[in-house]
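Below you'll find the structure, written out as structure tokens, and then a few comments.
Residue numbers (the numbering used here): 3 to 113.
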């Protein structure tokens, strides 16, 4: 956010763990964001987003079908021209998840 001052009018943080949400609130308290809306899930609204960042999320989801569904749901929540950023650990498992997701997205939306 400090890289692009004023670029974000609002931010939505999704964190199912109350303890992690409290830590996130503490860490972002001094950031120059107009408002951060904290939610436990994305199912409660139908908003579209310009930027979605999912960090180390696929590692927490069991089963490839569930991971695929998650990524498709995140993709569907993007505004036209929006950006989806997926981050996973630099491990063989993380690589396999990212490679699979890349192939799925390419086949779904094209190169």
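For each residue, glycine too, the CB sits at the ideal point set by N, CA and C.
Is the Cβ-Cβ distance between residue i and residue j less than 8 Å?
| i | j | result |
| --- | --- | --- |
| residue 90 | residue 100 | yes |
| residue 76 | residue 54 | yes |
| residue 95 | residue 73 | no |
| residue 1 | residue 44 | Not covered by the structure: residue 1. The range shown for the chain is 3 to 113. |
Around the C-beta of residue i, are 16 or more other C-beta atoms found within 10 angstroms, so that it is buried, or is it exposed?
| i | result |
| --- | --- |
| residue 3 | Only weak support is given to the placement of residue 3: the predicted model assigns it a pLDDT of 49, under 50, and the question is left unresolved by the model. |
| residue 69 | buried |
| residue 25 | exposed |
Enumerate in chain order the residues of its own chain whose CB-to-CB distance from residue i is below 8 Å, with the five nearest sequence positions on each side excluded.
| i | result |
| --- | --- |
| residue 51 | 14, 79, 80, 81, 84 |
| residue 65 | none |
For residue i, I'd like the list of residues in its chain whose CB is within less than 6 Å of its CB, leaving aside the five on either flank, ordered along the chain.
| i | result |
| --- | --- |
| residue 42 | 18 |
| residue 23 | 17, 40 |
If you drop the 5 nearest sequence neighbours on each side, which residues of the same chain put their C-beta closer than 7 Å to that of residue i?
| i | result |
| --- | --- |
| residue 27 | 40 |
| residue 86 | 54, 76, 77, 80 |
Subject >> Contact the region 58-73 vs the region 26-41: 3+ CB pairs below 8 Å >> reply: Taking 8 Å as the limit for Cβ pairs, the verdict is that the region 26-41 does not touch the region 58-73.
Subject >> In chain order, each alpha helix (DSSP H) run of at least 4 residues that lies wholly inside the region 22-91 >> reply: 66-78, all fully within the region 22-91.
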